[in-house]
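The structure appears below as C-alpha cells.
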Amino acid sequence: MSKPVFSLQNITVTVGDNVRILDNLNFDIFDGDFITVLGTNGAGKSTLFNTIAGNLKIASGVLKHHDKNIANDSAVSRTDYIARVFQDPKMGTAPRMTVAENLLLAEKRGKKRTLHSRGLTKEKLAEYANITKVMGNNLDTRLQTATGNLSGGQRQALSFLMATRVKPELLLLDEHTAALDPKTSEQLMLATNEQVTKNKLTALMITHNLADALKYGNRLIILNAGKIVLDVRDSDKAALDDTQILKYFMA
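Structure representation (C-alpha cells):
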C-alpha cells in the first residue's frame, strides 16, 4: 500500500482536567479512501474531525500531511487541502450571496478569495447549471437565488458542491445529512456517493445511520472512548452486518 495522505500518530486530545477525548489514537488515511465513521455520543468523532481540520490542538502526538507535521498549522492554512461539510445546512455558505456567487467563491480555495461579478459569465452560469443539476433537487433552477432563501436540502447540497468544487485532498463530511428529512437525506447521500466515487475523492463521513455506514465507502472505523476499536476495509467491511456492528456499542 502507498504512503498515507494523512497520518495520525499517537494523537492525544484533552479537555478540562486532563480528560482524554482522543487517547493515543493512530490512524492512516490513504488516497481514495471513503471512510465511514461510527461511534456513540462522546466517542471522539467530532474531536477527530476538529483535530484533522486544525480546530483543536493536540496534547501530544504527530499529525502528518504527507511527510510534513501539520500539528501546529492553523485551521485556515489547512483549508487549502481540507474541505468540510457540517451537519447544519447554514454553515459553509454565504446566505446573502446567490448560489452562483457561492460556487464562484468556492473556486478560490488556495487562492486570494475575491469575488468579481464579471466572473459570472453566461458560460460560467451554464457550467454551474450542469454541476448543480446532478444533485437532483432543482438547485440548478436557483442559481440567482440568495442562498439564505434555499431549502435546507438545497443549501446542504450547495455546501457539498462548494466543498468539492476544487478537489480537496481530504473531504470531511460531518453528519452532513443528519439535519435533513429522510427523503432529502437519502437523495443527498446518493449524490454524495456518486460524486465521491466518480471523482475519486478521499473522504471521511461521520454518520449515526448503520445502514449508510455499511452501504457506502470502502472502509469503516468505529470509535469508542477516544480509540479506534474497529478498522475494516473492502471485503471485510462488506461482510459486516448490523449485529456485528452493534456489539461495539455495547462495550
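FYI, in this note's numbering the residues of the sequence shown are 773 to 1023. Each residue gets a CB set at the ideal place from its N, CA and C atoms; glycine is no exception.
Proximal residues to residue i (C-beta, below 6 Å), its chain only, five neighbours per side dropped
| i | result |
| --- | --- |
| A1025 | The structure shown does not extend to residue 1025, since the chain spans only 773 to 1023, so no value can be given for it. |
| T904 | L911 and D912 |
| N841 | V834 |
| Y900 | A872, L875 and L915 |
Cβ-based neighbour list, residue i, same chain, cut-off 7 Å, excluding 5 preceding and 5 following
| i | result |
| --- | --- |
| D803 | S774, V777 and T974 |
| S889 | Only weak support exists for where S889 lies, its pLDDT of 48 falling under 50; the coordinates are left without a value. |
| G908 | Q959 and A963 |
| L982 | D1014 and I1017 |
Nearest neighbour of residue i, chosen from the options [CA to CA]
| i | options | result |
| --- | --- | --- |
| L995 | K987, V871, I1017 and D1013 | I1017 |
| T964 | T808, I793 and V787 | T808 |
| E947 | Q916, Y900, N813 and K1019 | N813 |
| S846 | N827, A855, V857 and S832 | N827 |
| N971 | A983, L943, P954 and L960 | L943 |
| D720 | Q781, D789, D953 and K817 | The structure shown does not extend to residue 720, since the chain is modelled only from 773 to 1023, so the question has no answer here. |
| H980 | P940, T956, N990 and F1021 | F1021 |
| V1001 | L982, G811, E941 and K955 | G811 |
| S818 | N841, D1003, V857 and T851 | V857 |
| F932 | Q916, A1010, S957 and D953 | S957 |
| K906 | A866, R881 and E966 | For the record, residue 906 in the displayed sequence is Val; it is not Lys. Closest by alpha carbon: E966. |
| R881 | T851, P861, L962 and S779 | T851 |
| L820 | R792, S923, H838 and D805 | R792 |
| V1004 | V968, F806 and N796 | F806 |
| D839 | I830, A901 and S779 | S779 |
| K987 | S1007, G998 and N921 | S1007 |
| G816 | A1011, A1010, A866 and I978 | I978 |
| L945 | N822, D789 and N790 | N822 |
| L922 | N902, P861, L892 and V968 | P861 |
| K939 | T969, A1010, K955 and P954 | T969 |
8 Å CB neighbourhood of residue i in its chain, flanking five on each side removed
| i | result |
| --- | --- |
| K751 | Beyond the ends of the chain as shown, which are 773 and 1023, falls residue 751; an answer cannot be given. |
| T870 | L915, Q916, T917, A918 and T919 |
Distance between beta carbons of residue j and residue i, contact taken as under 8 Å
| i | j | result |
| --- | --- | --- |
| R927 | E879 | Incorrect: roughly 19 Å between the Cβ atoms, too far for contact. |
| V785 | L794 | 4 Å |
| A918 | R868 | 6 Å |
| A935 | G864 | 7 Å |
| A985 | L976 | Going by Cβ atoms, the distance from A985 to L976 rounds to 12 Å, so no, they are not a contact pair. |
| L797 | G998 | 7 Å |
| A825 | I854 | 6 Å |
Cross-strand partners of residue i (DSSP beta bridge)
| i | result |
| --- | --- |
| V1004 | L992 |
| A975 | F806 and L943 |
| V848 | None, per the DSSP bridge assignment. |
| H837 | F778 and K840 |
| I801 | F778 |
| I783 | L797 |
Residue-chain proximity (residue i, chain C), Cβ-Cβ < 8 Å
| i | result |
| --- | --- |
| K829 | In the displayed structure, chain C is absent; only one protein chain is listed. |
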